[in-house]
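Per the numbering used here, the very first residue in the sequence shown carries number 2; after that it's consecutive.
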Amino acid sequence: MRRVTLVSLPLFGMLLAAGAAFAAPPHTVTLAVENMTCGTCPIVVKKALARVPGVSSTSVDFDKKTATVTFDPDKATSEKLTQATTAAGFPSKLIGKP
Ligand SMILES: [Cu+2]
2 MRRVTLVSLP LFGMLLAAGA AFAAPPHTVT LAVENMTCGT CPIVVKKALA
52 RVPGVSSTSV DFDKKTATVT FDPDKATSEK LTQATTAAGF PSKLIGKP
């Protein structure tokens with residue numbers, strides 16, 4: 002039992018390193034965002050999205066009513082993004098991707 006533990010720890014470290022090496026590239030999606038009525042709204046939407054773990058960049062287009070978000074697909078999903086804006090009072094949906 003003790004021998005197994007001694008062997009498995011470095012092995013676990015190698016698996017972690019391998020996992021990092023093969024981590025999925027970041028995803029970028031565009032969301033259609035409702036309810037943005039003034040210049041402050043995009044800031045609120047941007048903050049709500051930036052708070053989602055795994056999100057690396059967010060840009061909100063007030064004129065087009067869209068948000069473009071780049072995130073780590075291992076940590077976040079597009080569903081979590083739409084949930085975050087909806088919770089902030091701005092329902093959104095994914096454009097173009099399933
Ligand atoms: Cu506003």
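Glycine included, each C-beta is placed from N, C-alpha and C at the ideal position.
For ligand 1, is there any heavy atom lying closer than 6 angstroms to the beta carbon of residue i?
{"i": "residue 71", "result": "no"}
{"i": "residue 67", "result": "no"}
{"i": "residue 1", "result": "Lying outside 2 to 99, the shown extent of the chain, residue 1 is not represented and no answer is given."}
{"i": "residue 41", "result": "yes"}
Rounding to the nearest angstrom, what Cα-Cα distance links residue i and residue j in this structure?
{"i": "residue 92", "j": "residue 52", "result": "16 angstroms"}
{"i": "residue 85", "j": "residue 68", "result": "12 angstroms"}
{"i": "residue 28", "j": "residue 79", "result": "9 angstroms"}
By alpha-carbon positions, which one of the options ends up nearest to residue i?
{"i": "residue 33", "options": "25, 41, 46 and 24", "result": "46"}
{"i": "residue 54", "options": "37, 82, 30 and 39", "result": "82"}
{"i": "residue 64", "options": "35, 49 and 73", "result": "35"}
{"i": "residue 57", "options": "30, 66 and 43", "result": "30"}
{"i": "residue 39", "options": "77, 71 and 62", "result": "62"}
Who does residue i pair with in a DSSP beta bridge?
{"i": "residue 56", "result": "72"}
{"i": "residue 64", "result": "Its beta-bridge partners do not exist; DSSP assigns none."}
{"i": "residue 93", "result": "34"}
Would you mind sorting residue i into buried or exposed? The rule is 16 or more other CB atoms within 10 Å of its CB.
{"i": "residue 23", "result": "exposed"}
{"i": "residue 26", "result": "exposed"}
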